[in-house]
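A short worksheet on the structure shown next.
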Amino acid sequence: MTDRLGLECQVCGFVGMDDGSDGFFYCQRCGSQADGIRDTAVDNDEILLTKENVGGIVQRRVAVVKPEPLSQSQPPSQFWETLRTQEVDDDDDDGVGPTEPIDFGRRPRTLSYEDYYSEIRMRYVMGVQIMIELQVKALVEKFNVCPIIVDMVEPIWLRFVASTKLFSDDWADEVINESESQVQGETEVVVPIAKHKSEPHNILGKRSVMIWYRSVSKTIPLPYSLAISFLLCHLAREPILSTDIAKWTLEGKLPYFTAFLEIEKQIGSPTNACPLSSNRMFRPLHCISIQKLESLAASIAHSIGLELPPVNFYGIATRYLRQLSLPVETILPHASRIYEWSMPPELWLSGNEFRLPTRACVLSILIFSIRILYKIHGFGKWEKGLAKRKDGKESKILDKKAESESECNMSSLSNNLVSESYDKLLPKQSNLDATKILLLLESKYSQLIDTSVDGRDLETYLEYCKNVVFAGVELSFEDHEEDQIIVDLWNYYHKEEEDHKPSSPSSNCGSHKRPLDFSKTNMNMNKVKKPKDENDAKISNETQKEKAIRGMISNMEEKRFCYIPPRTKIKRADDYLHYTRKKDDGNYTYAAHADYYILLRSCARVGRLDVRIMHGAVLSFERRLAWLEKNIDQCLKEMPSFQVSCELCQQDDMNGDESMDFLS
Numbered sequence: 001m002t003d004r005l006g007l008e009c010q011v012c013g014f015v016g017m018d019d020g021s022d023g024f025f026y027c028q029r030c031g032s033q034a035d036g037i038r039d040t041a042v043d044n045d046e047i048l049l050t051k052e053n054v055g056g057i058v059q060r061r062v063a064v065v066k067p068e069p070l071s072q073s074q075p076p077s078q079f080w081e082t083l084r085t086q087e088v089d090d091d092d093d094d095g096v097g098p099t100e101p102i103d104f105g106r107r108p109r110t111l112s113y114e115d116y117y118s119e120i121r122m123r124y125v126m127g128v129q130i131m132i133e134l135q136v137k138a139l140v141e142k143f144n145v146c147p148i149i150v151d152m153v154e155p156i157w158l159r160f161v162a163s164t165k166l167f168s169d170d171w172a173d174e175v176i177n178e179s180e181s182q183v184q185g186e187t188e189v190v191v192p193i194a195k196h197k198s199e200p201h202n203i204l205g206k207r208s209v210m211i212w213y214r215s216v217s218k219t220i221p222l223p224y225s226l227a228i229s230f231l232l233c234h235l236a237r238e239p240i241l242s243t244d245i246a247k248w249t250l251e252g253k254l255p256y257f258t259a260f261l262e263i264e265k266q267i268g269s270p271t272n273a274c275p276l277s278s279n280r281m282f283r284p285l286h287c288i289s290i291q292k293l294e295s296l297a298a299s300i301a302h303s304i305g306l307e308l309p310p311v312n313f314y315g316i317a318t319r320y321l322r323q324l325s326l327p328v329e330t331i332l333p334h335a336s337r338i339y340e341w342s343m344p345p346e347l348w349l350s351g352n353e354f355r356l357p358t359r360a361c362v363l364s365i366l367i368f369s370i371r372i373l374y375k376i377h378g379f380g381k382w383e384k385g386l387a388k389r390k391d392g393k394e395s396k397i398l399d400k401k402a403e404s405e406s407e408c409n410m411s412s413l414s415n416n417l418v419s420e421s422y423d424k425l426l427p428k429q430s431n432l433d434a435t436k437i438l439l440l441l442e443s444k445y446s447q448l449i450d451t452s453v454d455g456r457d458l459e460t461y462l463e464y465c466k467n468v469v470f471a472g473v474e475l476s477f478e479d480h481e482e483d484q485i486i487v488d489l490w491n492y493y494h495k496e497e498e499d500h501k502p503s504s505p506s507s508n509c510g511s512h513k514r515p516l517d518f519s520k521t522n523m524n525m526n527k528v529k530k531p532k533d534e535n536d537a538k539i540s541n542e543t544q545k546e547k548a549i550r551g552m553i554s555n556m557e558e559k560r561f562c563y564i565p566p567r568t569k570i571k572r573a574d575d576y577l578h579y580t581r582k583k584d585d586g587n588y589t590y591a592a593h594a595d596y597y598i599l600l601r602s603c604a605r606v607g608r609l610d611v612r613i614m615h616g617a618v619l620s621f622e623r624r625l626a627w628l629e630k631n632i633d634q635c636l637k638e639m640p641s642f643q644v645s646c647e648l649c650q651q652d653d654m655n656g657d658e659s660m661d662f663l664s
């Protein structure tokens, strides 16, 4: 006879069946009878077949089920459930056996007050832990993150859970008391409905199950899983940014919106003590913001007393330079020396949500290094480079006729362009060509935007909605007719896509159609429209260079930047040009040259930052370097002299001198 079976209850989902001493097995939690299993106490092969018992044997024959002991090799949900019910089972099983008759039917075990809050608390913490493990697994397998983060999950997660004091003895009572004390004035007591009448309620009639769930979800929100995953990558010195975590989450590559499906597979379906569905408990409604992710990771590290290192500057800087198509071998060594000398505090994660992000500091160092190496100090390199291309294609020599016409029709804007009169005042030319990289950054600016989330086609978007947005949404019954309708609609969509493909012009013209008369069209095209006024005449006579500058001015004004023409009066060409911002009518006005603005907006786009925020980060880093340069000499002069003042050390030196004299 088998005393216990490791089977799952069909009613409550609990794993564990007890022998009822009546030939049937009952769930240890709810007491419901197991179907399809019966203890006959004899072997069917030993029974003599007679006319009287042959029918009964056929009816009683069931599948042989071998009970398996629970171990850690089983799913975590079964093992954790066994640990929680181990104490109760030990109290029930005293080794003596039943001392009084037992009825054939057993009533479901009445759940206590402690069963409810223990189940809700444990189930939620287990679910968030599984979500973190799924995200770490995806980071290692899909994005080639160092596998060391797998071993770092357990200590950080357990220390954080311990810091929240969720598992304190008086946690449940404190939450209930707090829910009752928050109500002010007279309130009507809610009458519990019959479905939830067996559950505990507070004095206001509200379900304690929902009160405990809101408390535990407020203490450890679901976005904390993303913050811990980002913190693990930061501790492993991986060049993973908060922008990457947010991007992969929205794309569905990190298990966040769809993690509740896998969580329910591992911890099982809802129980009587925790009737909340996994969809409600572990399905987030929105993704955490990029700025909030960094501050949240820093707050978690601070709560467990963890000292964080700075970001991996070398890995992140290399990644940004490659995205900008800039020479890594030239810029990175210079930027690394500046980083090692300055060590700005903005490279450490901070719990302040309104501080500049770490990626802004990394890009500020890169911008500062590029400006020094390529001498981007308002000399008009970009404006001069516009003369080398025409209609988007580079050309070495411009048409002399077009050049003479542009000089005759030069407007007030073109009078401020770079002239050859001050070329002698420019610093000595180096091997690094600023014009080339500025034209490259301008041409690739539209390609730097990330379109992986919003730039998908209809079919890919529908697949994304099916797998991520509406994950787990299915019919309660199997409907073959609806499945066939979906297949037919997909086939119709693909057919329409093929029919609307552009075809050759010859195929569009049938033999029954009259050919078009292009004579009038050609005559109209040969006519030249006269400008209505002088302004239109000037615009029509603008060169490609002037159009590009006018477009740049328009783009700068959209970002609240003021265009500064290239410098003509250069006093000290080797000096670094500092930009400032002016406050006018409560708003800041930013003035900059086109060379600096092109570099600034490209770096801001790859870092997913606003151009003004990126400019403010550069100004802050320049002020820090100026302060260090100004006070470095004074700090070196005031450094204390390293003289030995310890009496023991002086005594040892004297003894050493005496021994030398003795030897001599």
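Per UniProt numbering, residue 1 is the first one in the sequence shown, and the count goes up by one each step.
Cβ atoms here follow ideal geometry from the backbone N, Cα and C, with glycine treated the same way.
Every value quoted in this text rests on a predicted model; they were computed, and no experiment measured them.
- The C-beta separation of E119 from A273 comes to about 4 Å, placing the pair in contact by the 8 Å criterion.
- Inclusion of S278 and I263 in the CB contact set at 8 Å is warranted, their separation being smaller than that value.
- In the three-state scheme derived from DSSP, where H, G and I count as helix and E and B as strand, K582 is classed as strand.
- The alpha helix (DSSP H) runs of length 4 or more contained entirely in the stretch 137-191 are, from start to end of the chain, 148-164, 171-181.
- Within the same chain, and ignoring the five residues on either side of C635 in sequence, no residue has its Cβ closer than 7 Å to its Cβ.
- For the set F230, W212, V190, the Cα lying nearest the Cα of A138 is the one of F230.
- Residue environment: K545 is assigned as buried (16 or more neighbouring CB atoms within 10 Å of its CB, all protein chains considered).
- Residue range 328-342 is occupied by the alpha helix (DSSP H) that includes H334, with no beta strand (DSSP E) assigned at that position.
- For T358, the enclosing alpha helix (DSSP H) begins and ends at 358-374.
- Annotation for H593: the continuous beta strand (DSSP E) segment containing it runs 587-593.
- Exclusion of the five residues before and after D35 leaves Q10 as the residues of its chain whose Cβ lies within less than 7 Å of its Cβ.
- Counting of Cβ neighbours within 10 angstroms places S369 among the buried residues, the total reaching 16 or more.
- Classified as buried, M131 has 16 or more neighbouring CB atoms from the shown chains inside 10 Å of its CB.
- Residue pairing from DSSP places L5 in a beta bridge opposite M17.
- In the three-state reduction of the DSSP assignment, Y576 falls in the coil class, being assigned neither a helical nor a strand state.
- Comparing alpha-carbon positions, the option among C465, P284, G607 lying closest to P221 turns out to be P284.
- Annotation: the continuous beta strand (DSSP E) that includes Y26 extends over 25-27.
- Taking C-beta separations shorter than 6 Å and ignoring five residues to either side along the sequence, the partners of V311 in its chain run L347, T358, following chain order.
- When C-beta atoms of the stretch 588-607 are compared with those of the stretch 619-631, fewer than three pairs fall below 8 Å, so the two segments do not count as touching.
- Distance check between P566 and each of I485, W382, K630 places W382 closest, using alpha-carbon atoms only.
- Within the same chain, R359, L363 come within 6 Å of G607 by CB-CB distance, once the 5 residues on both sides are set aside.
- With respect to the C-alpha of I338, the residue from Y117, R322, I372 having the closest C-alpha is I372.
- Rounded to whole angstroms, the gap between the alpha carbons of K582 and A387 is 32 Å.
- In the three-state reduction of the DSSP assignment, H201 falls in the strand class.
- In the DSSP annotation of this structure, the continuous segment of the beta strand (DSSP E) that includes C562 starts and ends at 561-564.
- Within the same chain, T435, L439 come within 6 Å of G385 by CB-CB distance, once the 5 residues on both sides are set aside.
- For P327, the number of other beta carbons within 10 angstroms of its own is below 16, and it is reported as exposed.
- E238: not part of any alpha helix (DSSP H); DSSP gives it neither H nor E.
- A direct Cα-to-Cα measurement between M210 and K253 gives close to 31 Å.
- Taking L432 as the centre and dropping the five residues before and after it, the same chain places the C-beta of L373, Y374 closer than 6 Å to its C-beta, in chain order.
- Put simply, the backbone Cα of I288 is about 10 Å away from that of S225.
- The beta carbons of V145 and E238 sit closer together than 8 Å.
- 8 Å or more divides the Cβ of S208 from the Cβ of Y124.
- Using a 10 angstroms sphere on the CB of H286, the tally of other CB atoms stays under 16, which defines it as exposed.
- Here DSSP, grouped into helix, strand and coil, assigns Q10 to coil.
- At a Cβ-Cβ threshold of 8 Å, F14 and Q33 do not count as neighbours.
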